[in-house]
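A.B. asks: Position 241, counted from 1, in the sequence shown is what our numbering calls 726; the numbers after and before it change by one each time, with no gaps.
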Amino acid sequence: MTDWAAFAGFAGVVLGLLLLLAHASKSIFSEVPDDVLVQQFDPERPLKRRPGRDGWLTETTADGGVDTTGTVPALTTATTALERKWEAVDVVSADGERRDGHSHYEMSTASLLVNVALSQGLFGALLVIGAWYTQIPLSALGLGGDSVTLLMLAVGTGLGVGLYAVNEVGAAFGERIGIGNSEELRKALAPDSVAGWAVLLFLVLPVIAGFEELLFRAALIGVLSTGFGISPWLLAALSSVAFALGHGAQGPGGILVTGMLGFVLAATFVLTGSLFVVVVAHYLVNALEFVVHEGLGVDWV
Numbered sequence: 486m487t488d489w490a491a492f493a494g495f496a497g498v499v500l501g502l503l504l505l506l507a508h509a510s511k512s513i514f515s516e517v518p519d520d521v522l523v524q525q526f527d528p529e530r531p532l533k534r535r536p537g538r539d540g541w542l543t544e545t546t547a548d549g550g551v552d553t554t555g556t557v558p559a560l561t562t563a564t565t566a567l568e569r570k571w572e573a574v575d576v577v578s579a580d581g582e583r584r585d586g587h588s589h590y591e592m593s594t595a596s597l598l599v600n601v602a603l604s605q606g607l608f609g610a611l612l613v614i615g616a617w618y619t620q621i622p623l624s625a626l627g628l629g630g631d632s633v634t635l636l637m638l639a640v641g642t643g644l645g646v647g648l649y650a651v652n653e654v655g656a657a658f659g660e661r662i663g664i665g666n667s668e669e670l671r672k673a674l675a676p677d678s679v680a681g682w683a684v685l686l687f688l689v690l691p692v693i694a695g696f697e698e699l700l701f702r703a704a705l706i707g708v709l710s711t712g713f714g715i716s717p718w719l720l721a722a723l724s725s726v727a728f729a730l731g732h733g734a735q736g737p738g739g740i741l742v743t744g745m746l747g748f749v750l751a752a753t754f755v756l757t758g759s760l761f762v763v764v765v766a767h768y769l770v771n772a773l774e775f776v777v778h779e780g781l782g783v784d785w786v
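1. For V777, I'd like the list of residues in its chain whose CB is within less than 6 Å of its CB, leaving aside the five on either flank, ordered along the chain.
2. Taking a contact to mean a Cβ-Cβ separation below 8 Å, would you say F748 touches S725 in this structure?
3. Can we say the region 489-508 touches the region 721-741, given the rule of at least three CB pairs closer than 8 Å?
4. Given a cut-off of 8 Å on the beta-carbon distance, is the pair G645 and A766 in contact?
5. Using three-state DSSP, classify M745 as helix, strand or coil.
6. Ends of the alpha helix (DSSP H) at G712?
7. Work out the CA separation of G629 and P651 for me, nearest whole Å.
8. Please work out which residues of its chain come closer than 8 Å, Cβ to Cβ, to L688, disregarding the five sequence neighbours upstream and downstream, and give them in chain order.
9. Per DSSP, what kind of secondary structure is G681 in: helix, strand or coil?
10. Do E660 and V763 have their C-beta atoms within less than 8 Å of each other?
11. By DSSP, does T642 sit in helix, in strand, or in coil?
12. Please report how far the alpha carbon of T562 lies from the alpha carbon of E669, in whole angstroms.
13. Please list, in chain order, all residues of the same chain as L781 whose beta carbon is under 8 Å from its beta carbon, the five residues on each side excluded.
14. Given a cut-off of 8 Å, decide if A493 and L709 are closer than it, judged by their beta-carbon atoms.
15. List, from N- to C-terminal side, the alpha helix (DSSP H) runs of 4 residues or more that fit wholly inside the region 599-663.
16. Grab the span of the alpha helix (DSSP H) containing R671 for me, first residue to last.
17. Mind checking I715: buried by the 16 CB within 10 Å criterion, or exposed?
18. Which of the three DSSP states, helix, strand or coil, is assigned to G497?
19. Does DSSP put S716 in a helix, in a strand, or in coil?
20. Less than 8 Å between the beta carbons of T711 and A625, yes or no?
21. Determine the direct distance from the alpha carbon of E774 to that of A751, and round the result to whole angstroms.
22. Might you give, ordered along the chain, the residues of its own chain that have their beta carbon closer than 6 Å to the beta carbon of A703, omitting 5 neighbours on each side?
23. Using a 10 Å radius around the Cβ and a threshold of 16 neighbouring Cβ atoms, would you call F608 buried or exposed?
24. Look at the alpha carbon of L611 and the alpha carbon of G647, and state the distance between them as a whole number of angstroms.
25. Less than 8 Å between C-beta atoms, sequence neighbours within five positions excluded: which residues of the same chain meet that for G744?
26. If I measure Cβ to Cβ from W682 and keep anything under 8 Å in the same chain, skipping five residues before and after, which residues do I get?
27. If you reduce the DSSP assignment to three classes, tell me which class L690 lands in.
28. Three-state secondary structure (DSSP) at T594?
29. Are L598 and V684 close, meaning C-beta to C-beta below 8 Å?
30. Do you know how far the Cα of F701 is from the Cα of T757?
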């Protein structure tokens with residue numbers, strides 16, 4: 486016998502954990518205080534002047550220190566922090582631990598990829614176990630007999646490409662009105678090797694799309710509407726808000742655009758009853774964004 490209430494509890498716990506993780510991720514890319522990172526001179530890694538950064542520290546004193554007579558640009562954003570990691574400098578955290586800029590960024594990219602794949606995969610596994618344990622029918626999850634077909638693949642592909650275009654327009658509009666989305670998380674996840682791109686495109690992004698659609702569309706719309714008789718359109722609206730909040734690391738503009746895209750995906754799930762369609766669309770939006778911006782270096786904005 487299906488235990489709808491128990492599965493709703495499973496989904497609620499997973500949603501809460503995801504939102505907590507999203508909040509933690511947001512703090513990583515939020516404003517960084519000036520005293521968090523300080524510049525250190527290393528004779529084997531001399532500081533170099535960069536174009537447009539005339540005030541950057543480039544001279545050393547007689548005792549081997551750094552001449553601080555120049556103007557030091559404030560370290561106020563995560564963007565600046567990421568840029569500095571590409572310079573020939575060492576950084577010291579607030580706890581005094583010395584870290585090399587280049588290796589730290591490379592490790593961060595690998596760590597983020599592993600963290601995302603494992604965390605989202607674990608959450609997805611919890612939902613699958615919960616659905617199996619509570620005997621949720623596949624049809625309630627959008628996995629009925631006609632949900633995975635070539636037609637649904639075509640629908641998902643067309644929807645994904647269309648949503649990617651809408652996402653770009655939304656990002657450009659947000660920039661114009663001053664609520665642009667943060668790109669730091671995407672840049673931090675972007676690999677710099679063929680193997681890294683393979684992991685991103687064929688492991689990490691499919692896991693993200695599969696889990697998020699399983700939670701926000703299949704569980705929060707399909708199961709709750711089937712088991713409790715709640716309007717799927719009401720659930721679509723509520724789940725889209727939760728979906729937007731789960732992407733807080735993308736900034737205000739990113740949250741707004743993600744919420745709207747989430748509702749389109751939710752509406753598609755309601756109309757087609759297919760989880761496969763929205764997973765394909767979700768994956769394509771993410772994959773195209775990475776490939777176009779980070780792989781090809783195209784910036785529409």
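Every residue gets a Cβ at the ideal spot worked out from N, C-alpha and C, and that includes glycine.
Values in this document were obtained by computation on a predicted structure and should not be read as measured data.
C.D. replies: Considering the structure as presented:
1. Translated into the one-based positions of the sequence shown, residue 777 becomes position 292. Same-chain partners within the cutoff: V783.
2. As a working mapping, residue 748 is identified with position 263 in the sequence shown. As a working mapping, residue 725 is identified with position 240 in the sequence shown. Their beta carbons are under 8 Å apart, which means F748 touches S725 by this criterion.
3. yes
4. Taking the first residue of the sequence shown as position 1, residue 645 is located at position 160. Taking the first residue of the sequence shown as position 1, residue 766 is located at position 281. Yes, Cβ-Cβ distance for G645 and A766 is below 8 Å.
5. The count along the sequence shown starts at 1 and reaches residue 745 at position 260. Of the three classes helix, strand and coil, the one that applies to M745 here is helix, per DSSP.
6. Position 227 of the sequence shown, counted from the start, is the residue given in the question as residue 712. Segment 709-713, the alpha helix (DSSP H) holding G712.
7. Along the sequence shown, one-based indexing puts residue 651 at 166. Along the sequence shown, one-based indexing puts residue 629 at 144. Note on identity: in this sequence residue 651 is Val, with Pro being the wrong assignment. Cα to Cα, V651 sits roughly 29 Å from G629.
8. Within the sequence shown, residue 688 is the residue found at index 203, counting from 1. A602.
9. To locate residue 681, count along the sequence shown from 1; it is residue 196. In this structure, G681 counts as helix in the three-state DSSP scheme.
10. The residue you call residue 660 lines up with position 175 of the sequence shown. The residue you call residue 763 lines up with position 278 of the sequence shown. No, the Cβ-Cβ distance between E660 and V763 is not below 8 Å.
11. Here residue 642 corresponds to residue number 157 of the sequence shown, with the count starting at 1. In this structure, T642 counts as helix in the three-state DSSP scheme.
12. The count along the sequence shown starts at 1 and reaches residue 562 at position 77. The count along the sequence shown starts at 1 and reaches residue 669 at position 184. Reliability fails at T562, whose pLDDT of 41 lies under 50, so the model's placement of it is uncertain and the value that follows must be treated cautiously. Using only the alpha carbons, I get a separation of about 10 Å.
13. Position 296 of the sequence shown holds residue 781. Cβ within range, chain order: n/a, list empty.
14. In the sequence shown, residue 709 corresponds to position 224, counting from 1. In the sequence shown, residue 493 corresponds to position 8, counting from 1. Result yes, Cβ atoms of L709 and A493 sit closer than 8 Å.
15. 635-661
16. Within the sequence shown, numbered from 1, the residue matching residue 671 stands at position 186. 669-674 is the extent of the alpha helix (DSSP H) around R671.
17. The count along the sequence shown starts at 1 and reaches residue 715 at position 230. Exposed, by the Cβ-count rule.
18. As a working mapping, residue 497 is identified with position 12 in the sequence shown. G497 falls in the helix class under three-state DSSP.
19. Within the sequence shown, numbered from 1, the residue matching residue 716 stands at position 231. In this structure, S716 counts as coil in the three-state DSSP scheme.
20. To locate residue 711, count along the sequence shown from 1; it is residue 226. To locate residue 625, count along the sequence shown from 1; it is residue 140. Yes. Within cutoff.
21. Position 266 of the sequence shown, counting from 1, holds the residue named residue 751. Position 289 of the sequence shown, counting from 1, holds the residue named residue 774. Approximately 20 Å, taken between the alpha carbons.
22. Along the sequence shown, read from residue 1 onward, the residue named residue 703 stands at position 218. Correct list, in chain order: L626, G627, L760.
23. Working through the sequence shown from its first residue, we reach residue 608 at position 123. Flag for F608 reads buried.
24. For the purposes of this step, residue 611 is identified with residue 126 of the sequence shown, where counting begins at 1. For the purposes of this step, residue 647 is identified with residue 162 of the sequence shown, where counting begins at 1. Rounded to the nearest angstrom, the two C-alpha atoms are 31 Å apart.
25. Indexing the sequence shown from 1 puts residue 744 at position 259. Same-chain partners within the cutoff: S725, V726, F728, A729.
26. For the purposes of this step, residue 682 is identified with residue 197 of the sequence shown, where counting begins at 1. Result list for W682: P676, G780, in chain order.
27. Walking along the sequence shown from the start, residue 690 turns up at place 205. Three-state result, L690: helix.
28. Counting from 1 along the sequence shown, the entry for residue 594 is found at position 109. In this structure, T594 counts as helix in the three-state DSSP scheme.
29. For this step, residue 598 is matched to residue 113 along the sequence shown. For this step, residue 684 is matched to residue 199 along the sequence shown. Closer than 8 Å, so yes.
30. Position 272 of the sequence shown holds residue 757. Position 216 of the sequence shown holds residue 701. So the two alpha carbons sit approximately 15 Å from each other.
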